[in-house]
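Single-structure report; data block below.
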């Protein structure tokens, strides 16, 4: 039997122990660092779905708001288009009436009633002769019909303030005396007033509203 002699002295043994301890502590630190990094990765991975969900919700809400704005805009545009269609339809009907009037068979002629009558009786006088009270829808026609104070085929007897011709078309252009129509004493029928001395009178400013019961001649159009 023999004893194995330690080839390291006390100082060297101490240094070796110190190195081993240092290495051990370093490994522990590395392990802790790895653990901390893994924890961070885990927490981040858990938070990312929540963040992604929030972003998705925000994008969805923005899409809904955008669609609502587009729907409101389209609704407003649709209402404007509907109004425009109604206006164009009314204009088309008026143009068709004008076209039909221009294409009546036979030449247009005018004649005046021989008796003083109310507006309705003057109209009946014309209708009994295959005509009606005259419709004046152009400046040329207006200027060509001057003679005296006579009935024309315009009134607002059905609806106050809404002038209509005897063919039921609405008045588009009027040739009124200054201050007319004024509906004084329920004046619903229109005369062509040939009165050069009346203030504001001119060939293109000569219409006047009067009571339909007044007696005067009428201009018939056939």
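Numbering (full-length UniProt numbering), first residue to last: 1 to 222.
Virtual Cβ for every residue (Gly too), placed ideally from N, Cα, C.
Please read these numbers as outputs of a predicted model, since none were measured by experiment.
What does residue 86 pair with, by DSSP beta-bridge criteria? The bridge partners DSSP lists for residue 86 come to none.
Just the Cα atoms here: how many angstroms apart are residue 97 and residue 81? Going by the C-alpha atoms only, they are around 24 Å apart.
Hey, could you find the ends of the alpha helix (DSSP H) residue 141 is sitting in? 139-144 is the extent of the alpha helix (DSSP H) around residue 141.
Nearest neighbour of residue 187, chosen from 202, 174, 166, 212 [CA to CA]: Measuring C-alpha to C-alpha distances from residue 187 to each of 202, 174, 166, 212 identifies 212 as the nearest.
Taking the C-alpha atoms as reference points, what is the distance between residue 29 and residue 13? Taking the straight line joining both Cα atoms gives about 24 Å.
Considering only the alpha carbon of each residue, which of 139, 112, 88, 138 lies closest to residue 127? Per the Cα distances, 112.
Distance check for residue 190 and residue 173, CA to CA, integer angstroms please. Between residue 173 and residue 190, the C-alpha separation is close to 14 Å.
Run the CB neighbour count on residue 105, radius 10 Å, all protein chains shown included, and call it buried at 16 or more, exposed below. Any reading at residue 105 must be qualified, since the residue scores a pLDDT of 49, below 50, and its modelled position is unreliable; no value is offered.
If you draw a straight line from the alpha carbon of residue 164 to that of residue 206, how long is it in whole angstroms? Between the alpha carbons of residue 164 and residue 206 lies a gap of roughly 17 Å.
Going by alpha carbons, who is nearest to residue 139 out of 199, 162, 203, 77? Restricting attention to 199, 162, 203, 77, the CA atom closest to the CA of residue 139 is found in 203.
Please classify residue 193 as buried or exposed, where buried requires at least 16 other C-beta atoms within 10 Å of its C-beta. So residue 193 counts as buried.
Only counting the same chain, and skipping five residues up and downstream in sequence, which positions put a Cβ closer than 8 Å to that of residue 185? Answer for residue 185: 211, listed in chain order.
Exposed or buried, which one is residue 125 when buried takes at least 16 other CB atoms within 10 Å? Burial call: buried.
Cut-off 7 Å between Cβ atoms - residues of its own chain near residue 119, not counting five sequence neighbours on either side: Around residue 119: 151, 155, 189, 212.
Which same chain residues end up closer than 8 Å to residue 131 when comparing Cβ atoms and leaving out the 5 residues on each side of it in sequence? Beyond the five residues adjoining it in sequence on each side, residue 131 comes within less than 8 Å, by CB distance, of 111, 220, 221, 222 in the same chain, given in chain order.
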